[in-house]
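Numbering (the working numbering), first residue to last: 33 to 202.
The beta-carbon is built from N, C-alpha and C at its ideal position, and this holds for glycine as well.
What follows is a set of notes on a single structure, which appears directly below.
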Amino acid sequence: MRTQADGCASRDDAADQAWMREALALAKAAAEAGETPVGALIVGADGDILARASNRPIGLCDPTAHAEMLALRQAAARVGNYRLTGLTLVVTLEPCAMCAAAISHARIGRLVYGASDPKGGAVEHGPRFYEQPTCHWRPAVRGGVEAEASGTLLKAFFRQRRRKGPAASD
Numbered sequence: 033m034r035t036q037a038d039g040c041a042s043r044d045d046a047a048d049q050a051w052m053r054e055a056l057a058l059a060k061a062a063a064e065a066g067e068t069p070v071g072a073l074i075v076g077a078d079g080d081i082l083a084r085a086s087n088r089p090i091g092l093c094d095p096t097a098h099a100e101m102l103a104l105r106q107a108a109a110r111v112g113n114y115r116l117t118g119l120t121l122v123v124t125l126e127p128c129a130m131c132a133a134a135i136s137h138a139r140i141g142r143l144v145y146g147a148s149d150p151k152g153g154a155v156e157h158g159p160r161f162y163e164q165p166t167c168h169w170r171p172a173v174r175g176g177v178e179a180e181a182s183g184t185l186l187k188a189f190f191r192q193r194r195r196k197g198p199a200a201s202d
């Protein structure tokens, strides 16, 4: 799924790629900590980054501690409102159903993601959350930004885990 709500694709392309590179750095840090390498950030209309997060369900013993969820919490606290209308969420992997729903509830204006997730994604795969008639808020969505870099990082992480075997905390 690739849409542009405001029609300024060329301006958004450069910014989206720069933000995705920063999200990829967060994803790499997650991998180094033994977490699934997913990074996310939330950007204001002025281009300022309001929140940065990476996956932490293992470290926080919290199944909801996905990068998107943590970034949403940080941004909401920073702006003092649970509604994040007009902001952009950039994440290295297609959001799951839980994260897609939280993005909708937060009223995020744009969602930019890297690699598609045919198994666990909920934007262009699985339930296609934003296409459901019960979805009350649909962000503009752009997928595939730095998808190869995101996918390569994820594949390398899981290949390494398979070699080592399951961690004691899994």
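Contact between Arg174 and Asp48 holds: their C-beta atoms lie close to 6 Å from each other, under 8 Å. Distance between His168 and Arg160, taken at the CA atoms: about 14 Å. For Ala108, the enclosing alpha helix (DSSP H) has its first and last residue at Ala99 to Val111. Distance from the CA atom of Gly66 to the CA atom of Ala55, rounded to whole angstroms, is 17 Å. Counting C-beta pairs with one atom in each stretch, the segment 148-164 and the segment 108-124 have fewer than three that are closer than 8 Å, which means they do not touch.
In the structure shown, the three-state DSSP call for Ile90 is helix. Runs of the beta strand (DSSP E) spanning 3 or more residues and lying entirely within the segment 122-152 occur at 142-147, in chain order.
Annotated three-state conformation of Ala65 is coil, per DSSP. The beta carbons of Ala179 and Ala129 sit no closer together than 8 Å. Burial of Phe189 is indicated by the presence of at least 16 other C-beta atoms within 10 angstroms of its C-beta. If you check the CB distance, Val177 and Val144 come in under 8 Å. Cβ-Cβ distances below 6 Å link Gly118 to Ala77 and Gly141 in the same chain, with the five nearest sequence neighbours on each side left out; the list follows chain order. A direct Cα-Cα distance of roughly 31 Å separates Ala132 from Lys196. Val75 is bridged by DSSP to Ile81 and Thr120. DSSP places Ala154 outside any alpha helix (DSSP H), giving it a letter other than H or E. Taking the Cα of Glu100 as reference, the smallest distance to any Cα among Gly91, Ser86 and Leu92 is reached at Ser86.
Setting aside the 5 residues that flank it on each side, Pro89 is surrounded in the same chain by Pro95 and Ala97, each with a C-beta closer than 6 Å to its C-beta; the list follows chain order.
Judged by DSSP secondary structure, Arg174 falls within the beta strand (DSSP E) whose first and last residues are Ala172 to Arg174.
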